[in-house]
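Chemist:
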Amino acid sequence: MNVKKILLLAVVALLVFYLITQPTQSANAVQTVLGWLRDGAEAIITFVKSLFA
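According to the numbering used here, the residues represented by the sequence shown are 25 to 77, in order.
In structure tokens, the structure reads:
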């Protein structure tokens, strides 16, 4: 196995461990990331709308 695969497996294993041991905090982390993505998308939409207004 190359180093890239080993690192990927380690990251996935760590995420699964975190999800199993702390499900509430994992859900909060996912909600936070999705909130950031939503805010970024809304900012881009606002920018594009202002270009054509």
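Think of the CB as a built atom: it goes at the ideal place given N, C-alpha and C, for glycine as much as any other residue.
(1) In terms of residues, what are the limits of the alpha helix (DSSP H) holding Gln49?
(2) Thinking Ser50 and Leu43 are a contact (beta carbons under 8 angstroms), I'd like their distance in whole angstroms, please.
(3) Give the straight-line distance between the Cα atoms of Asn26 and Pro47, rounded to the nearest whole angstrom.
(4) Where Gly64 and Leu58 are concerned, what is the direct C-alpha to C-alpha distance, given to the nearest angstrom?
Modeler: On the basis of the data shown:
(1) 47-76
(2) Yes, they are in contact, since the Cβ atoms of Ser50 and Leu43 sit about 5 angstroms apart, within 8 angstroms.
(3) 31 angstroms
(4) 10 angstroms
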